[in-house]
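Residue numbers (my numbering): 28 to 82.
Beta carbons: idealized from backbone N, C-alpha and C, even for Gly.
Data block below; observations after.
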Amino acid sequence: MRKTDIDIQNFRELIRKGLDLTFKKLLTQKKAQNGFLILSEKGKIKKVSAAEINN
Numbered sequence: 028m029r030k031t032d033i034d035i036q037n038f039r040e041l042i043r044k045g046l047d048l049t050f051k052k053l054l055t056q057k058k059a060q061n062g063f064l065i066l067s068e069k070g071k072i073k074k075v076s077a078a079e080i081n082n
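Laid out in C-alpha cells, this is it:
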C-alpha cells in the first residue's frame with residue numbers, strides 16, 4: 028500500500044468515529060427529552076422513539 032492509501036483509510040476511520048460519537052450524543056439528548064428520531068429504512072420514513080434505540 029502507498030502512503031496516500033493509508034492516509035485515506037485513516038481519514039475515513041476518523042470520520043466514522045466522529046459520526047458514531049455524534050449519533051450517540053444526539054441519542055442521549057433525545058432520550059433525555061423523551062424525543063423521537065426520524066429515520067429512513069429501505070426507502071420508508073419511520074418515526075422512532077429514542078428510548079427504543081439501544082446504544
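Notebook entry, point to check: Between K57 and D47, what straight-line distance do the alpha-carbon atoms span, to the nearest angstrom?
Noted result: 15 Å
Checklist line | Nearest residue (CA-CA) to A78, options L41, K44, I65 and N61 | finding: N61
Notebook entry, point to check: Can you give the Cα-Cα distance for G70 and R29, rounded to whole angstroms?
Noted result: 38 Å
Next item on the list: Starting from I65, follow its DSSP beta bridges and name the residues at the other end.
Entry: K74
Notebook entry, point to check: First and last residue of the alpha helix (DSSP H) that includes I80?
Noted result: No alpha helix (DSSP H) contains I80, which DSSP labels as neither H nor E.
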